[in-house]
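Residue numbers (our numbering): 202 to 450. Yeah, the Cβ is synthetic: ideal placement off N, Cα and C, and Gly gets one too.
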């Protein structure tokens, strides 16, 4: 007994987690050639087949809309979606695919909101958005006011990855109280984005401050890394949270 305490004991392996329990992945980049995600239809079909093997019923893919880099429009995104659906049918994939967008918070997003331009949403009027990873943007409160006053349900992408929030999840709690949903990436929990992000993701889980969990899949290796970590205790802990993924079915 003393020997075991001194030198430690190998913890029993948890079973591989069944991702079908989450039902829907609502953050990914699968439409080929329009952002930094999939670059070919073959790559897209391979990733969708992998999602299907995981047991997912639906994917909501969310291409970037960024004024400086990815000037996607609803027409570009929805046109790309239809091309993917044709390819899916040819490959006998049964998983359901929808498209929305991941909006980058810049002056063009505020302009869209102020001009009442219809945003691409998913589920019950959820809209996915992101901040700069490196610096805190100004006018966050103004952005939230515009979202909420227009009856959008904002979902902040990968809260755990923003440098200006690292070390504390107080803002996640504060923003959720305002009506902002918090999305976390699976691979943040296994250290894919670095140890600080891993710690922040684990804290979000411990404090039960996660509304949606997603792959943020850009490439097949994101799904392979996830598959290698399905015995993680924190992946298992996600099953105890009242996540909203299944509400999208």
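- DSSP places residue 287 outside any beta strand (DSSP E); the residue lies instead in the alpha helix (DSSP H), whose first and last residues are 275-291.
- DSSP, read as helix, strand or coil, puts residue 444 in coil.
- In this structure, the beta-carbon distance from residue 268 to residue 307 falls below 7 Å.
- Rounded to the nearest angstrom, the Cβ distance from residue 404 to residue 370 is 5 Å, consistent with a contact under 8 Å.
- Ranked by how close their Cα comes to the Cα of residue 323, the residues 427, 225, 439 and 426 have 225 in first place.
- DSSP lists 413 as the bridge partner or partners of residue 384.
- Contact between residue 330 and residue 363 is absent: CB atoms are separated by about 12 Å, not below the 8 Å threshold.
- Restricted to the region 286-363, the alpha helix (DSSP H) segments that are unbroken, complete and at least 4 residues in length are 308-315 and 341-350, listed in chain order.
- The alpha carbon of residue 406 has as its nearest neighbour, out of 434, 429 and 424, the alpha carbon of 434.
- Note: residue 259 is bridge-paired with 225 and 297 in the DSSP secondary-structure output.
- Going by C-alpha positions, residue 288 is about 28 Å away from residue 429.
- Sequence-distant partners of residue 305 (beyond 5 residues in either direction) whose C-beta falls short of 7 Å from its own C-beta, in its chain, are 265, 266, 267 and 331.
- The C-beta distance from residue 386 to residue 426 rounds to 11 Å, too long to fall under 8 Å, and the pair is not in contact.
- Distance check between residue 423 and each of 244, 310, 351 and 235 places 244 closest, using alpha-carbon atoms only.
- A straight line joining the alpha-carbon of residue 232 with that of residue 402 spans about 27 Å.
- The Cβ atoms of residue 419 and residue 230 lie closer than 7 Å to each other.
- Annotation: residue 301 to residue 248 spans about 18 Å, alpha carbon to alpha carbon.
- Restricting attention to 227, 381, 444 and 410, the CA atom closest to the CA of residue 299 is found in 227.
- Bridge partners of residue 271 according to DSSP: 267.
- For residue 371, the uninterrupted alpha helix (DSSP H) segment begins and ends at 371-379.
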